[in-house]
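Position one of the sequence shown corresponds to residue 4 (the working numbering), numbered consecutively onward. Glycine included, each C-beta is placed from N, C-alpha and C at the ideal position. Following: one structure in structure tokens, then a few remarks.
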Amino acid sequence: MARIFSLMAMVLTLAVTALPARAADSDADKVAVAREMIHAWKVADWRKVADLFAEDGVLRSMMIEPVVGRSAIYDRIAALGAGAPGGVILDVSHMGVVDGLVFIERVDRFVYKGRPGSVPVVGVLDIRDGKVREWREYYDRAQLLNALGEAR
Numbered sequence: 004m005a006r007i008f009s010l011m012a013m014v015l016t017l018a019v020t021a022l023p024a025r026a027a028d029s030d031a032d033k034v035a036v037a038r039e040m041i042h043a044w045k046v047a048d049w050r051k052v053a054d055l056f057a058e059d060g061v062l063r064s065m066m067i068e069p070v071v072g073r074s075a076i077y078d079r080i081a082a083l084g085a086g087a088p089g090g091v092i093l094d095v096s097h098m099g100v101v102d103g104l105v106f107i108e109r110v111d112r113f114v115y116k117g118r119p120g121s122v123p124v125v126g127v128l129d130i131r132d133g134k135v136r137e138w139r140e141y142y143d144r145a146q147l148l149n150a151l152g153e154a155r
């Protein structure tokens, strides 16, 4: 009987190790997540924006301190979104995957606290397992603050 259990354990071990590993996110999967994110910004669904990040995800606007963690990202996005209840249109001119990262060249268009504005941006998203691990944003901060009516 012990020999049968030993043989069964060996068969189960072989079966489990023979299972194919979960395939890495395809480029199409990553672009689909990026498009979901773009839509969430457009419809001002700030909870969805945050939920598309990994629990320990990072939002990095290059000229300010990074925001780390889904909860902190939600707080930041929701606070910004309060001034833009109509959402933010991410007007994408180019999007593609290079070396596993999603690059998005776009112009963000918004009405913030009643004032229309826009700013050109390049975003780089590291998407794994269907979640944004890191989102890096490159833009002219002075131009953004001016567009928001908060020039300093």
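Cross-strand partners of residue 119 (DSSP beta bridge): 114.
What are the complete alpha helix (DSSP H) segments, minimum 4 residues, inside the segment 40–101? 49–54, 73–85
Inter-stretch contact (C-beta, 8 Å, three-pair minimum) for the segment 96–105 and the segment 69–77: no
Enumerate in chain order the residues of its own chain whose CB-to-CB distance from residue 114 is below 7 Å, with the five nearest sequence positions on each side excluded. For residue 114, where only same-chain residues beyond five positions count, the Cβ hits under 7 Å are 87, 89.
Buried or exposed: residue 120, going by 16 or more other Cβ atoms within 10 Å of its Cβ? Classification of residue 120: buried, given that the 10 Å Cβ count is 16 or more.
DSSP puts residue 141 in a beta bridge; with which residues? 125
Around the C-beta of residue 102, are 16 or more other C-beta atoms found within 10 angstroms, so that it is buried, or is it exposed? exposed
Ignore the nearest five residues each way along the sequence and tell me which others in residue 58's own chain have a CB closer than 6 Å to its CB. 73
Quick one: residues in its chain with C-beta nearer than 7 Å to the C-beta of residue 134, no 5 flanking neighbours on either side, listed in chain order? 55, 56, 57, 60
Quick check on residue 70: buried or exposed, where buried means 16 or more other Cβ atoms within 10 Å of its Cβ? buried
Since residue 122 contacts residue 147 with CB under 8 Å, what's their CB separation in whole angstroms? With a Cβ gap of about 5 Å, residue 122 and residue 147 count as contacting.
DSSP puts residue 105 in a beta bridge; with which residues? 100, 128
Output needed for residue 141: all residues of its chain with C-beta closer than 6 Å, excluding positions within five of it in sequence on either side, in chain order. 65, 125
Using CA atoms only, rank isn't needed, just tell me which of 104, 108, 53 is closest to residue 29. 104
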